[in-house]
């Protein structure tokens, strides 16, 4: 029996959300498997996102906590228009979700790892939905 026929008859094919969850968890497991620096305790992330991404997310959190919109950052570069910085992602909805997680679970660089893994999970879910709609034969 061909692989695609077996896949269509599998229990995962009858429950698309279960299949999407399996794919997302597989993507996260693959990401964690290829990032060995996450496990040695000395490196939180293996690239410069900890110096560039986390301060932006933390500034968004602190601004919202203080009741301000994160439009101007007086702490970096002797003050600059934070809203005009595309790396800051000021109007990106996931930034505000991460700020909410910081409010619930405390501040720390763990939030940038959570954001990266959320992007991997969203990408895995999108790929699953795309393949299940267009690429798999029926």
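Residue numbers (our numbering): 129 to 266. Where is the CB? At the ideal position from N, CA and C, for every residue including glycine.
Just checking my contact of residue i with residue j at CB under 8 Å: how many whole Å lie between their CB atoms?
{"i": "residue 252", "j": "residue 180", "result": "Incorrect: roughly 24 Å between the Cβ atoms, too far for contact."}
Give the single residue among the options whose Cα lies nearest to the Cα of residue i.
{"i": "residue 151", "options": "214, 257, 261", "result": "257"}
{"i": "residue 193", "options": "234, 220, 240, 147", "result": "234"}
{"i": "residue 184", "options": "215, 260, 262", "result": "215"}
{"i": "residue 226", "options": "182, 250, 262", "result": "182"}
Tell me which residues share the same chain as residue i and place their Cβ nearer than 8 Å to its Cβ, disregarding the 5 neighbours each side in the sequence.
{"i": "residue 218", "result": "188, 198, 199, 210, 211"}
Between residue i and the rest of its own chain, which residues show a CB-CB distance below 6 Å, the 5 nearest in sequence each way excluded?
{"i": "residue 159", "result": "248"}
{"i": "residue 220", "result": "none"}
{"i": "residue 153", "result": "none"}
Determine the DSSP secondary structure at residue i, reduced to helix, strand or coil.
{"i": "residue 224", "result": "helix"}
{"i": "residue 189", "result": "helix"}
{"i": "residue 217", "result": "coil"}
{"i": "residue 201", "result": "strand"}
Step through the CB atoms of chain B and report whether any lies within less than 8 Å of the CB of residue i.
{"i": "residue 215", "result": "Reference to chain B is not applicable here, since this structure consists of a single protein chain."}
Excluding sequence positions up to five away, which residues of its chain have a Cβ less than 7 Å from the Cβ of residue i?
{"i": "residue 223", "result": "185, 188, 217"}
**Message:** Between the stretch 238-245 and the stretch 194-205, can you find at least three pairs of beta-carbon atoms closer than 8 Å?
**Reply:** Verdict: no, contact absent.
**Asked** Do three or more CB pairs link the stretch 219-238 to the stretch 180-197 at distances below 8 Å?
**Response** As far as the Cβ criterion goes, the stretch 219-238 touches the stretch 180-197, which means the pair count is three or higher.
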